[in-house]
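Reading the sequence shown from the start, the letters are residues 162 to 325 in my numbering. Note that the Cβ used here is the ideal one computed from N, Cα and C, for glycine as well. Data block below; observations after.
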Amino acid sequence: MVNTDEFTKRLENIFDFYGLTASSFADKIGVQRSSLSHLLSGRNKPSLDFVMKVIEVFPEVDLYWILNGKGTFPKTEIQEEKKVESPSALSQPVQKRNSTSDDLFSSSENIEETKNGVNEIPEEKKSNTQVLEETLINSINTSTIDAIVIFYADGTFTKYTQKK
């Protein structure tokens with residue numbers, strides 16, 4: 162569950178980072194200013210649609226960070242930190258393997274050699290949408306449905322709950 166107060170603070174961090182006001186932020190992501198005002202005041206909780214618009218318009222915003230506060234903002238700082246190598250790794254000589262070796266440990270599948278000669282398994286890059294889908298699937302597998310609510314265009318809604 163998203164903590165609304167902490168989510169609001171993270172939104173304000175985004176405003177400050179980009180030098181935006183709340184109204185310019187709302188315009189930029191394509192939501193009504195009143196919707197953003199209700200979020201910032203704590204009246205409403207963020208919808209999935211709102212979060213998706215934020216991470217689509219601002220690619221530096223990490224999905225886990227905006228939802229849970231885990232990780233860092235902006236997201237590009239994380240990628241730069243991973244690129245930094247230790248000085249000892251840079252000073253070690255490059256050792257080439259014999260490509261005709263048939264033992265279990267010399268397989269070169271999915272291994273790329275970097276500039277400094279250290280072999281690494283490339284990490285799978287996932288879009289924010291893929292991360293969100295995995296998060297939703299995992300939460301569905303661990304949660305039980307309490308109610309289903311259908312919202313209609315005329316502003317009415319119907320709530321369905323399981324009879325116990």
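DSSP lists I309 as the beta-bridge partner residues of Y321. The closest CA to that of N229, considering only I309, E167, E295, A314, is found on E167.
Burial state of A308 is exposed, judged by a 10 Å Cβ sphere holding fewer than 16 other Cβ atoms.
Sixteen is the threshold: since fewer than 16 other Cβ atoms of the shown chains lie within 10 Å of the Cβ of F178, the residue is exposed. When the beta-carbon positions are compared, I190 and N289 stay at least 7 angstroms from each other. Per DSSP, A183 is one residue of the alpha helix (DSSP H) stretching across 183-190. Inter-residue distance for F234 and Y321 is about 39 angstroms (C-alpha atoms, whole angstroms). For D166, the enclosing alpha helix (DSSP H) begins and ends at 165-179. In the DSSP assignment, R194 falls within the alpha helix (DSSP H) that extends over 194-202.
In the three-state DSSP reduction, T296 falls in the helix class (H, G or I).
Minimum Cα-Cα distance from K236 among the listed residues K287, S198, S196 corresponds to K287.
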